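Trainee: In this note's numbering, the protein residues as written are 17 to 253. Every residue gets a Cβ at the ideal spot worked out from N, C-alpha and C, and that includes glycine. In this text the structure is predicted, and so the values were computed from the model without any measurement. First, the structure itself, so that you have it in front of you.
Structural data, given as structure tokens:
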């Protein structure tokens, strides 16, 4: 096996992969949450690990930042490594004023300013959406803990330092938060006939310019990570 971006052997990844953007977060999850975690990929420092959580095989691998990077790694996992489910676990900036730092948003759909879907040569505008079963499973897992997670559309943007100041305008259409990877992940899952869901911890609020520190982004996402693992467990049952 192996690709230009992944040195893992055939069968090295579990059917469900948790996908943070940050390789350090992938390492943290492997070391603190998984049992018997083995490093299966480290090309360009994009670490991929496989272990178990409460007896269920789970992998975690970084996606890097932005849709081109997510596009590469999720495509290869779906097409070359037999992965069935990718759960993105990342950060997002709140557009909706009711969202607070630390809230976990489930991305039902991903609006985007990217041309990523142009490659499919469709006669219109493709709408990238989450896999319903994954979304339903995650909502059910959250409700078992007495949590009603925010569910709705997010904006996947190509620009982190967005100059026009129009990201907040998406809120008028019900968009909850902005991030940089989900639309590409959902496109790749649809094209491959696989399953994807993005869980996003609110690390910034565009409405009042409050934000988590860089260290908090790496280490304080435990609620989201546990929800993703419980979702993976439910998928395996």
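Let me know if residue 179 comes out buried or exposed under the rule of 16 or more other beta-carbons within 10 Å of its beta-carbon.
Mentor: Against the chain shown, residue 179 aligns to sequence position 163. So residue 179 ends up on the exposed side.
Trainee: Going by DSSP, which residues form a beta bridge with residue 215?
Mentor: Reading the chain shown from its first residue, position 199 is the one you call residue 215. Beta-bridge pairing links residue 215 to 105, 122.
Trainee: Using the beta-carbon count (16 or more within 10 Å), is residue 203 buried or exposed?
Mentor: Walking along the chain shown from the start, residue 203 turns up at place 187. By the 10 Å Cβ count, residue 203 comes out buried.
Trainee: Taking the beta strand (DSSP E) that residue 251 falls in, what are its first and last residues?
Mentor: Walking along the chain shown from the start, residue 251 turns up at place 235. Run containing residue 251: none in the beta strand (DSSP E); it sits in the alpha helix (DSSP H), 238 to 252.
Trainee: Less than 8 Å separating the beta-carbons of residue 37 and residue 90?
Mentor: The sequence position of residue 37 within the chain shown is 21, counting from 1. The sequence position of residue 90 within the chain shown is 74, counting from 1. Contact: no.
Trainee: Whole angstroms are fine: how far does the CA of residue 28 sit from the CA of residue 74?
Mentor: On the chain shown, position 58 is the one that residue 74 refers to. On the chain shown, position 12 is the one that residue 28 refers to. So the alpha carbons of these two residues sit roughly 10 Å apart.
Trainee: Unbroken beta strand (DSSP E) runs of length 3 or more, entirely within the segment 165 to 221: which are they?
Mentor: As far as the segment 165 to 221 is concerned, its whole beta strand (DSSP E) runs of at least 3 residues are 167 to 172, 193 to 195, 211 to 221.
Trainee: Go ahead and pull the three-state DSSP assignment for residue 145.
Mentor: As a first step, residue 145 is located in the chain shown; it is residue number 129 there, counting from the start. Here residue 145 sits in strand by DSSP.
Trainee: Would the segment 123 to 131 and the segment 236 to 248 be scored as touching if the rule is three or more Cβ pairs under 8 Å?
Mentor: The segment 123 to 131 is not in contact with the segment 236 to 248.
Trainee: When you compare the CB positions of residue 247 and residue 154, do they come within less than 8 Å of one another, or not?
Mentor: In the chain shown, counting from the first residue as 1, residue 247 sits at position 231. In the chain shown, counting from the first residue as 1, residue 154 sits at position 138. Yes, they are a contact pair.
Trainee: One question on the structure: do residue 213 and residue 86 come within less than 8 Å of each other, judged by their Cβ atoms?
Mentor: Position 197 of the chain shown, counted from the start, is the residue given in the question as residue 213. Position 70 of the chain shown, counted from the start, is the residue given in the question as residue 86. Not in contact: residue 213 and residue 86 (Cβ atoms no closer than 8 Å).
Trainee: The beta strand (DSSP E) with residue 23 in it runs from where to where?
Mentor: Walking along the chain shown from the start, residue 23 turns up at place 7. From DSSP, residue 23 is part of no beta strand (DSSP E); its letter is neither H nor E.
Trainee: Closest to residue 230 by CA distance: which of 30, 20, 49, 41 is it?
Mentor: On the chain shown, residue 230 is found 214 positions in, with the first residue counted as 1. Measuring from the Cα of residue 230, the nearest candidate turns out to be 41.
Trainee: Can the beta-carbon of residue 111 be found closer than 8 Å to that of residue 194?
Mentor: Residue numbering aside, residue 111 sits at position 95 when the chain shown is read from its first letter. Residue numbering aside, residue 194 sits at position 178 when the chain shown is read from its first letter. Yes, the pair counts as a contact, with Cβ atoms nearer than the cut-off.
Trainee: Starting from residue 93, trace the alpha helix (DSSP H) both ways and give me its first and last residue.
Mentor: Counting from one through the chain shown, the residue named residue 93 turns up at place 77. Start and end: 83 to 96.
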